[in-house]
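To start, the structure under review is shown below, and the notes come after it.
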Amino acid sequence: AKKQGRNCYFWFEPSMENELRFRNQIETGLRRGLTQGEFVPFYEQQVDLESGELVGFEMLARWQSPQLGLVSPEIFIPIAEEIGLITELSEQLMDQAFANAREWDDSLSLSINISPVQLRDPWFAQRLLKKLVAANLPPPRLEIEITESCLHENVGLVRSMITSLRNQGVQISLDDFGTGYSSLEQLRSLPFDRIKIDRSFISELRQPNGRSRIVDAIISLGRGLNLPLTAEGVEDEEILTALKSMGRLKAQGYFYGKPENAEEVRERLRAAGKL
Ligand code: C2E
Ligand code: CA
Ligand code: CA
Ligand code: CA
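Numbering-wise (my numbering), the sequence shown opens with residue 1406 and increments by one.
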């Protein structure tokens, strides 16, 4: 299936049979995997660009499938959304991630990605807050990341849920900023605490002059709206140097390391005295 937006798929005639077979395999595997605990959180470091200090982690889902190996969320998340398993999947991951984050130093935040499908569930915010209480994790340590999201139908519901989460102290980020067809509209209609600049724009900084008009513009927009920014996809020194001239930012990406599992993170934090 070719991806067209986050929830929308179209089918290629020639490979339709293979596509279907693959899809069925994922679907069956997903259902099984959920009962077998095959979904695990990995973590990507988030760093304060200026000081270079570790400030938190973004949780990224991984599927350790006995048949397929380590499967990318880009494959299984859209299917889980379509067949109604995303809530169950996400909640299993949250339980693990909240328990992990509880062990980390209080100064470290945890970001999680929330699917637009989950935002249409009127009980989402309430269940999330309950989980935080159960895990004894202070809401301000949690950041939820929202992407472009077929919001049109239900902005009212989404807004009131986000507002009640924010009232409890949960941070809300607009993820992949600039790639959705309605990024600006979202910024206007929902209350956000942070903008995450998509990797595709950050990679433009690899040009010889280390500048990108789009990145400049997004940063000005964020500053104008009083919203702090995170740069994602900081892959190398070149990008890092370019970003350092752009003022206060959070950064994440392969330059700081590939996503790690809970145990690897624990070791990293133990070494840094942040456990
Ligand atoms: P995202 O939220 O934009 O996450 C960043 C993705 O970029 C991650 O891919 C990460 O591994 C990758 N990445 C990080 N730094 C770099 C870099 O420097 N260079 C390059 N080339 N890539 C980098 P991943 O883990 O495959 O996740 C893909 C997407 O799947 C995520 O994109 C997010 O939208 C979604 N996703 C992941 N976990 C979850 C989840 O638990 N729930 C939901 N709803 N979506 C999730
Ligand atoms: Ca994200
Ligand atoms: Ca992102
Ligand atoms: Ca992205």
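We put the CB at the ideal spot given by N, CA and C, even for glycine. Here the structure is a predicted model, which is why all the values come from computation and not from measurement.
Reducing DSSP to helix, strand and coil, say where residue i ends up.
{"i": "N1541", "result": "coil"}
{"i": "T1433", "result": "helix"}
{"i": "L1533", "result": "helix"}
{"i": "E1640", "result": "coil"}
{"i": "T1568", "result": "helix"}
{"i": "N1412", "result": "Only weak support is given to the placement of N1412: the predicted model assigns it a pLDDT of 47, under 50, and the value that follows is read from those uncertain coordinates. Correct three-state label for N1412: coil."}
{"i": "T1552", "result": "coil"}
{"i": "Q1657", "result": "coil"}
{"i": "L1562", "result": "helix"}
{"i": "L1547", "result": "strand"}
{"i": "Q1523", "result": "helix"}
{"i": "Q1573", "result": "coil"}
{"i": "L1634", "result": "strand"}
May I have the straight-line CA-CA distance separating residue i from residue j, to the nearest angstrom?
{"i": "S1569", "j": "Q1531", "result": "9 Å"}
{"i": "A1636", "j": "N1559", "result": "29 Å"}
{"i": "W1468", "j": "V1445", "result": "6 Å"}
{"i": "G1652", "j": "I1549", "result": "24 Å"}
{"i": "D1581", "j": "T1433", "result": "30 Å"}
{"i": "A1485", "j": "I1491", "result": "5 Å"}
{"i": "K1655", "j": "R1616", "result": "18 Å"}
{"i": "G1585", "j": "L1592", "result": "11 Å"}
{"i": "D1510", "j": "G1461", "result": "10 Å"}
{"i": "A1667", "j": "D1500", "result": "13 Å"}
{"i": "S1470", "j": "I1600", "result": "33 Å"}
{"i": "Q1441", "j": "M1464", "result": "20 Å"}
Exposed or buried, which one is residue i when buried takes at least 16 other CB atoms within 10 Å?
{"i": "M1421", "result": "exposed"}
{"i": "T1552", "result": "buried"}
{"i": "S1650", "result": "exposed"}
{"i": "G1477", "result": "It should be pointed out that residue 1477 corresponds to Ser in this sequence rather than to Gly. Counting Cβ neighbours within 10 Å, S1477 comes out exposed, since fewer than 16 surround it."}
{"i": "K1535", "result": "exposed"}
{"i": "E1458", "result": "exposed"}
{"i": "A1647", "result": "buried"}
{"i": "V1639", "result": "buried"}
{"i": "E1449", "result": "buried"}
{"i": "R1546", "result": "buried"}
Please report the residue range of the alpha helix (DSSP H) in which residue i lies.
{"i": "S1420", "result": "Looking at the DSSP string, S1420 is not in any alpha helix (DSSP H), and its letter there is neither H nor E."}
{"i": "L1515", "result": "Looking at the DSSP string, L1515 is not in any alpha helix (DSSP H); the run it does join, the beta strand (DSSP E), is 1514 to 1519."}
{"i": "L1674", "result": "1667 to 1677"}
Mind checking which residues open and close the beta strand (DSSP E) that includes residue i?
{"i": "S1650", "result": "No beta strand (DSSP E) holds S1650; DSSP gives it neither H nor E."}
Would you say residue i faces chain D, with C-beta separation under 7 Å as the test?
{"i": "P1521", "result": "Of the protein chains in the structure, only one exists, and it is not chain D."}
Contiguous beta strand (DSSP E) assignments of at least 3 residues, all confined to the stretch 1438 to 1496: Along the length of the stretch 1438 to 1496, whole beta strand (DSSP E) runs at least 3 residues long occupy 1444 to 1453, 1459 to 1470, 1474 to 1476, reported in chain order.
Whole runs of the alpha helix (DSSP H) within the stretch 1578 to 1622, excluding any shorter than 4 residues: Listed in chain order, they are 1588 to 1594, 1604 to 1607.
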